[in-house]
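Numbering of the sequence shown is given in the UniProt record's numbering, commencing with residue 1 and proceeding in unit increments. First up is the structure itself, then whatever we jot down about it.
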Amino acid sequence: MTEKEKNNEDFISKEFVVKSLLFRSGGVEEYKISKFMKSLDCEVEIENKGGKRVKATSFFKIILLGIRYKDKFTIYCYGENQEKNLKKIEEFFKGIEVYPIEEIK
1 MTEKEKNNED
11 FISKEFVVKS
21 LLFRSGGVEE
31 YKISKFMKSL
41 DCEVEIENKG
51 GKRVKATSFF
61 KIILLGIRYK
71 DKFTIYCYGE
81 NQEKNLKKIE
91 EFFKGIEVYP
101 IEEIK
């Protein structure tokens, strides 16, 4: 459990998988993600398959996660309007070929 979870257990999360061949670390996608996440009215974190978690508003920190094609990662939403914001995130991700795991199975 991270320090964030200890201090604020009020969060929801969802696992996603990258299906775009163009999604590679250091690309345009990380910029689009960080810019979109800044528009939300909640705090969002991204965790890579190795367990490293960063704020989703930081372009450079997202790049350091090294998320690529076929990688799985988890999104954590904290604060109010979590469900609404997670739905917005899902719709945004579909536009860059990143899908919730349950839609892939």
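In this text, a Cβ means the ideal position worked out from N, Cα and C, and glycines have one as well. Please read these numbers as outputs of a predicted model, since none were measured by experiment.
Note down the Cα distance separating Glu29 from Cys42, rounded to an integer number of angstroms. 21 Å
Is the Cβ-Cβ distance between Ile96 and Phe73 less than 8 Å? no
Pick from Tyr69, Lys70 and Asn85: whose alpha carbon is nearest that of Ala56? Asn85
Hey, Ile12 and Glu83 are a contact pair by Cβ (cut 8 Å); roughly how many whole angstroms apart? 7 Å
Would you kindly work out how many angstroms separate the C-alpha atoms of Asp75 and Ser39, rounded to a whole number? Per the sequence shown, the amino acid found at residue 75 is Ile instead of Asp. Roughly 16 Å between the two C-alpha positions.
Check Ile96 in the structure and name its three-state DSSP category. coil
Using the rule of at least 16 other Cβ atoms within 10 Å of the residue's Cβ for burial, across every protein chain shown, is Ile67 buried or exposed? buried
Give me the Cβ distance between Tyr99 and Leu21, rounded to the nearest whole Å; I'm assuming they're in contact under 8 Å. With 8 Å as the limit, Tyr99 and Leu21 do not qualify as a contact, their Cβ atoms being about 14 Å apart.
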